[in-house]
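Residue numbers (our numbering), protein chains in the order written: chain A, 1 to 343; chain B, 344 to 686; chain C, 687 to 1029; chain D, 1030 to 1372.
No residue lacks a Cβ here, since even glycine has one placed at the ideal position from N, Cα and C.
There are 4 protein chains.
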Amino acid sequence: MATGTSMQLGMVGLGRMGSNLARRLIRDGHRCVVYDVNPDAVEKLETDDGATGAASLVDLVEKLEQPRTVWLMLPAAIVDSTLDELVPLLAPGDTVIDGGNSYYRDDITRAQQLVTQDLHYVDCGTSGGVWGLDRGYCLMIGGESEVVNRLDPIFKTIAPGAGSVEPTLGRDSHAGTAADGYLHCGPSGAGHFVKMVHNGVEYGMMAAIAEGLSIIKHADAGKATQAVDAETTPLRDPWAYQYDIDIAEVAEVWRRGSVVGSWLIDLVANALARSPELDEFSGRVSDSGEGRWTVLAAVDEGVPAPVITTSLFERFESRQLGNFTDKIVSAMRSEFGGHAEQK
Amino acid sequence: MATGTSMQLGMVGLGRMGSNLARRLIRDGHRCVVYDVNPDAVEKLETDDGATGAASLVDLVEKLEQPRTVWLMLPAAIVDSTLDELVPLLAPGDTVIDGGNSYYRDDITRAQQLVTQDLHYVDCGTSGGVWGLDRGYCLMIGGESEVVNRLDPIFKTIAPGAGSVEPTLGRDSHAGTAADGYLHCGPSGAGHFVKMVHNGVEYGMMAAIAEGLSIIKHADAGKATQAVDAETTPLRDPWAYQYDIDIAEVAEVWRRGSVVGSWLIDLVANALARSPELDEFSGRVSDSGEGRWTVLAAVDEGVPAPVITTSLFERFESRQLGNFTDKIVSAMRSEFGGHAEQK
Amino acid sequence: MATGTSMQLGMVGLGRMGSNLARRLIRDGHRCVVYDVNPDAVEKLETDDGATGAASLVDLVEKLEQPRTVWLMLPAAIVDSTLDELVPLLAPGDTVIDGGNSYYRDDITRAQQLVTQDLHYVDCGTSGGVWGLDRGYCLMIGGESEVVNRLDPIFKTIAPGAGSVEPTLGRDSHAGTAADGYLHCGPSGAGHFVKMVHNGVEYGMMAAIAEGLSIIKHADAGKATQAVDAETTPLRDPWAYQYDIDIAEVAEVWRRGSVVGSWLIDLVANALARSPELDEFSGRVSDSGEGRWTVLAAVDEGVPAPVITTSLFERFESRQLGNFTDKIVSAMRSEFGGHAEQK
Amino acid sequence: MATGTSMQLGMVGLGRMGSNLARRLIRDGHRCVVYDVNPDAVEKLETDDGATGAASLVDLVEKLEQPRTVWLMLPAAIVDSTLDELVPLLAPGDTVIDGGNSYYRDDITRAQQLVTQDLHYVDCGTSGGVWGLDRGYCLMIGGESEVVNRLDPIFKTIAPGAGSVEPTLGRDSHAGTAADGYLHCGPSGAGHFVKMVHNGVEYGMMAAIAEGLSIIKHADAGKATQAVDAETTPLRDPWAYQYDIDIAEVAEVWRRGSVVGSWLIDLVANALARSPELDEFSGRVSDSGEGRWTVLAAVDEGVPAPVITTSLFERFESRQLGNFTDKIVSAMRSEFGGHAEQK
């Protein structure tokens, strides 16, 4: 079921994403040399999927034919140290792809450094999560056109393809690769820039969905009895909040025909079908960099982005990072009104 | 291609939504008596689609067999006056469905009034827009179980059906109608409550997408020359904002395999394929009630909804409703710093 | 040191605010008949301050000369039940002042009801907290002009007076009472409307100050060691966050000459001088109604109020009311990326 | 009326702030050598205030006794080019103070560079605007303790002094200079860091006040007639928005005794007394850097700052910087619902 020319690629970093990218490439007829600091991950991919294992970066480089292509799928924090080790092993004409979540500014710097050694650098934002193995990954690519074009068979394999999604009305069907799920966005950094903002949008969409379902969940607020004191406002219209609505069913019904239909709604439906109260979660939501960088870009550009920014701060709040702020507000209330905090 | 029992229904209000609902019902084997203040709309549906036209509400009621079902598809502002006229014409056992965007609290009041005359009232939030005729409409329904169950063939026809969407993992496939795109959410008002919040979520998702694409659009901010004065902050890193990224292509690539994949992204791709600069729009965004009511519900319930609320206020800002606020800020800056406004 | 005509007033509700209002009136030569459900509070005011105690509402009304003036200083939740008991005891021409934090819409309703019995109703928003006894209270008043004018000596006594604040430039010095700290804002409800928004503004100002001091407090963020994993973004510029800044001193220096100088900054300085880490607070911030109502008014009016609204939601977050929202976001992250929550 | 030891200082940049700082220093017995690219500004200060004029930076440096102190009061964008010219003229032991609105990170870099030439660098955030000449300026200072201590007489003169503000309760009256309105906040950059956040707080407070007064201004919303169409939500309770409230009087009454009492409220009262409708303003609000940097710091630190950030974005919106975002939202509404924009 190969989609085109077979190529060889070195994959460094065999976590969730790296392993599945290698698998998807191998399944489509490409050859992968794989390396990870954890030898078990290497062995598993060798045994189960037919990858060629490497015992070290040196070994990986030696097993790749020139011009080499090395795909890094690593936490952003260790890309630079890996490059420090990898780059001296490479030869002119070789290419490094950073498929992780690097800050796009680092791409610009790295590409400038690599070009001095006749090496190529491609940044590739990769979206798709644990589902990408079967569903394909959406790729947002930055770098030199010639290099990106040469690597087209790899990107084509990793991307979802046109699939079952209907064509965009009025779009020229020969207008490039975007309709196959991968896009050369521009020069170095452009791929990670678009991926960064993609994640910012993702934060905002997730927050909107979560807030909405939470409002529906609490449509029974009028059933609670109300304290009567100067610190608490009684609900004026308890009769209007007497609903017990099953939000798992709401998520399910929104999957079809509604304006909010989306993959995120599909996933919420999955989660709620399995766990209606989501008791296995505490509600501490991480943020992994792109949301923050999106806000910085919006501020630099002077583009208002209150929704995306608010969704980032909501994640901070979920981890109680605003606690000292709250204490100051409590302190002010205590000072001017003698208000004590409620338990 | 009828999906079940054929029923008869009266449709009042033949705008975009009402006409298409009637058409979809007729195509699936139901019979529709239709009325609108505009006789051309009635005639068109009679001629083109095989509806039975009515010249007045009296005529519509007379042409319906008992127990009657009358679906109102009207602007929220005229539902009550229409009910004032319609209700006296109905007989015990008849049902009125409000399929528009009424405030759920009005549903509660109306249902209480109608029940005193042995009439039934069903509120039905209807999402799907101009695409619903072919795609089906997502229905969120409130009212008495017995009545909602009796009308099941009508809802089933209007809803999208399970369609090409994959089943939700772990969901009991016999668990009700939500997987067909319609849901009985609870007693009177519950349908419009869920639809109201649906639209709040829609506002937030739309804003997140729009902000993100706008940030990408302005990734060329470093190319602009910068004024040097005490009022303007120069961009510190113009080198980092040198991209010309085609957001139509970005929207296209996000349609497949990405976490933000959604119907809204599909629609943005449509719009940008046709009009890359969106010059035909001025940017004045209406809000039609549900967003506001969602915020009121969040505040009443004590559920933080900063993302949805911010997206509502962004719409207000798009219509310059914050202009006086801005003037006050300008006045303060002038007072303390002698700052003049820039042109 | 009486500022004018001596009047007689009945005070109902001898909490923090009610007691001090009575004291301030008595000190300025007015006569107060006081009542509270707690007889100790009555006795204390009788013994220490020379008030006339009342054993019941009946007793209070009997001890007041006609036309009577009764000031209610009660939690908003019990004003209506108190009025139910009080109103039948009054005689035509009597006036009830609600000095608490009632919703202004209730004022409109109550005034309409009382006028049918030839009674007058005045709503009076009262700001000043525990400091008002000495500092005076800022009064925002709604009701009939004639009645408000007749009660002028009472309002004048309670208000701060022109004091040490410099006159507003360009303001006609004979232009009314606002420069003395009390204002007839308009008909019934106008006083509480202005007080409601006042508190909304207060929420926003408090949040801005608290966020800012918290950012300064965390200017040492670069000193923390950083985890290296795909879930955590390392701080890019730890060298830029190496400050240990004493925020008590910052609050102190902002008190004089700065643009943010304000009574709230004075109070923060007090609180931090006494307790630099604010350890006695947990950070659970109550909201007592006016903030919520301000948001509702902004939404109704179509006036964007994102700052005030955000400050309200920040209070909700401080009480973990967004926890279920956060769980949904965590569930989505788990679904698409296999992300586990961090501890 | 000298407050202490007389010192000599060079002032570079004689705009609003620089001129008044020089005047305030001279009035208190210090000697100032002043320079500006505009010779008229130099001459005016020489003639009217007794400063010593300089025709160039060379001239200024020659007229200063060693160790020299040069205060730069310049737009942030030209500080570096001025330093490039100035620094070679200085001698070991000389000090440069940047009193403008530089980004604190630049202070760190500059201090590191200057120390290699045995020069000292002090960053000094200066708040007070056009009122500072008489009222004094609040100073937030960063740099080496020894240098800051040596310059104490200069800071003491510029700062407001304890003035008429009441002492902070519980604060040790010998606890440093903050109670006089100036504070050594920490090493290089700490002064501008605190000033940066100060301005962020200022943005938030201004926005809260402006939003609140705007909500009061629009309390007459119920008087407008309402369109009846599917795009517009009629106001449900027009009876509740029938007030014509004079916001100039509201600002005036809030000046005394209320919780929101502040210098900003004083200034709003000034502005509204002169111009009740603020017609001379268009509502385009500039932002001059510190607000943006405060947001970047909050994001870097992981401290939620939704209120301050929202106030920044409100300024962006006031300048229509979100217009493309709005167009995208309009485009989506057109796609799914056939909604046309309203005029």
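- Here Pro496 of chain B is not near Met360 of chain B, since their CB atoms are 8 Å or more apart.
- The three-state reading of DSSP puts Tyr1272 of chain D in coil, since its state is none of H, G, I, E or B.
- Inclusion of Gly136 of chain A and Gly99 of chain A in the CB contact set at 8 Å is not warranted, their separation being larger than that value.
- Under the Cβ distance rule, Pro753 of chain C does not count among the residues neighbouring chain D, no pair being separated by less than 8 Å.
- In summary, Ala1277 of chain D is buried, with 16 or more beta-carbon neighbours lying within 10 Å of its beta-carbon over all protein chains present.
- Taking every protein chain shown into account, the CB of Ser424 of chain B has fewer than 16 other CB atoms within 10 angstroms, so this residue is exposed.
- Residue state for Leu133 of chain A is assigned as helix, using DSSP reduced to three classes.
- Between Gly200 of chain A and Gly291 of chain A, the beta carbon gap of about 5 Å places them in contact (Cβ cut-off 8 Å).
- For Ala984 of chain C, same chain residues with a beta-carbon under 6 Å away, outside a window of 5 residues either side, are Ala991 in chain order.
- Tyr203 of chain A sits in a helix when the DSSP states are folded into three classes.
- Under DSSP, Gln1037 of chain D takes part in a beta bridge, and its partners are D:Arg1060.
- Annotated as proximal: Arg709 of chain C and Asp735 of chain C, with beta-carbon spacing under 8 Å.
- Between the segment 1342 to 1360 of chain D and the segment 539 to 559 of chain B there are three or more inter-stretch CB-CB distances shorter than 8 Å, so the stretches are counted as touching.
- The alpha-carbon of Ser1048 of chain D is positioned some 12 Å away from that of Gly1158 of chain D.
- The Cβ neighbour count for Leu800 of chain C, taken over all protein chains shown within 10 Å, is at least 16; the residue is labelled buried.
- DSSP lists D:Gly1154 and D:Leu1212 as the beta-bridge partner residues of Met1169 of chain D.
- Around the beta carbon of Ser1243 of chain D, a 10 Å sphere encloses 16 or more other beta carbons of the protein chains shown; the residue is thus reported as buried.
- Contact check for Ile501 of chain B against Leu482 of chain B passes: the beta carbons are separated by less than 8 Å.
- Beta-bridge partners of Ile78 of chain A (DSSP): none assigned.
- At a Cβ-Cβ threshold of 8 Å, Glu657 of chain B and Val260 of chain A do not count as neighbours.
- Between the alpha carbons of Asn835 of chain C and Asp449 of chain B lies a gap of roughly 41 Å.
- Around Leu1325 of chain D, the beta-carbon contacts reaching into chain A at under 7 Å are Leu296 and Val299.
- A Cβ-Cβ separation of about 5 Å places Val377 of chain B in contact with Ala394 of chain B under the 8 Å criterion.
- Using beta-carbon distances, Trp925 of chain C does not count as an interface residue toward chain A, since no partner is under 8 Å.
- Along the segment 1171 to 1200 of chain D, going in chain order, the ones with a CB nearer than 8 Å to a CB of chain C are Ala1188, Pro1189, Gly1190, Ala1191, Gly1192, Ser1193, Val1194, Glu1195, Thr1197, Leu1198, Gly1199 and Arg1200.
- Thr1254 of chain D and Ala1369 of chain D have their C-alpha atoms some 21 Å from each other.
- Contact residues of the segment 300 to 331 of chain A toward chain D are Asp300, Glu301, Gly302, Val303, Pro304, Ala305, Pro306, Thr309, Thr310, Leu312, Phe313, Glu314, Arg315, Phe316, Glu317, Arg319, Leu321, Gly322, Phe324 and Thr325 (C-beta to C-beta distance below 9 Å).
- With respect to Gly1171 of chain D, Asp1147 of chain D sits apart: the two C-beta atoms are not nearer than 8 Å.
- In the three-state reduction of the DSSP assignment, Val380 of chain B falls in the coil class.
- By the 16-neighbour rule on beta-carbons within 10 angstroms, Ala1248 of chain D is buried.
- Contact of Ile216 of chain A with chain B is assigned, a C-beta pair being separated by under 8 Å.
- By the neighbour-count criterion, in which a residue is buried when 16 or more other Cβ atoms sit within 10 angstroms of its Cβ, Lys881 of chain C is buried.
- A residue is called buried when at least 16 other Cβ atoms come within 10 angstroms of its Cβ; Glu897 of chain C meets this threshold and is buried.
- Pairwise C-beta distances place the segment 429 to 444 of chain B in contact with the segment 406 to 420 of chain B, as three or more of them are shorter than 8 Å.
- Ser629 of chain B is positioned such that its CB atom lies no closer than 8 Å to that of Trp263 of chain A.
- Selection C:Pro924, C:Leu855 and C:Ser944 evaluated against Ser1156 of chain D yields C:Ser944 as nearest (Cα-Cα).
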